[in-house]
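What follows is a set of notes on a single structure, which appears directly below.
In my numbering, the protein residues as written are 568 to 772.
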């Protein structure tokens, strides 16, 4: 059986919640990150929240997998201060096998953000035997650099979200995946750095 988690929120209610934390944003230099799920699946809602945050002078980040309509991304790009853009795999066939969908629109959207000179940090989820071979990491790094972006954060795979799948009636697709070792993480950072990128494990906006 599926279990509903969370609450239905209006734009004004979300902004009300955000404004309660402005003292912390002011002290820390932080802001609001819109994540999900996929925030670009609700572009009108997201645009309204970004406009509201801008009026309040609150820094905004959009955490996206990039699978969105180009026109939705363009509207959000005019408003967000930062994009945290997941890039799982360069190869379309491999991306389809792992995620169930193509990466063509994802790559097109990333290139569009780069062409707009948007502030983008690419996030590379490092998953053993899925996308961690040296050749793929190097190709991914050279691609990111070739479109004019300079920073990539390596996010080592973890199982923190595995418990959510039963709640929505689905099997966890990476149940057998290993966690990347310290050596795996260091190797990925070294390869990406050699591609001319500012690379680190984790990373903060």
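The C-beta atom is built at its ideal place from N, Cα and C for all residues, glycine as well.
Item, Value
"Could I get the ranges of all uninterrupted alpha helix (DSSP H) runs contained in the stretch 578-650, with 4 residues as the minimum, in chain order?", "578-586, 589-595, 610-622, 637-644"
"Please report the residue range of the alpha helix (DSSP H) in which residue 754 lies.", "749-761"
"Please list the terminal residues of the continuous alpha helix (DSSP H) segment that includes residue 719.", "Looking at the DSSP string, residue 719 is not in any alpha helix (DSSP H); the run it does join, the beta strand (DSSP E), is 718-723."
"How would you write the range of the beta strand (DSSP E) that residue 768 sits in, first residue to last?", "765-768"
"To which residues of the same chain is residue 690 closer than 6 Å at the C-beta, ignoring the five residues directly before and after it?", "651, 653, 720, 722"
"With residue 663 as the anchor, note down where its alpha helix (DSSP H) starts and where it stops.", "659-666"
"Sort 635, 655, 724, 695 by Cα distance to residue 611 and report the nearest one.", "635"
"Quick test of your reading: residue 703 and residue 657, contact by CB under 8 Å. State the CB separation rounded to the nearest angstrom.", "7 Å"
"Nearest CA to the CA of residue 688: which residue from 584, 581, 768, 604?", "768"
"Residues in the same chain with beta-carbon distance under 7 Å from residue 644, minus the five sequence neighbours each way, listed in chain order, please.", "680, 683, 685"
"Using DSSP bridges, identify the partner residues of residue 692.", "722"
"Flag this pair as yes or no: are the beta carbons of residue 646 and residue 614 separated by less than 8 Å?", "yes"
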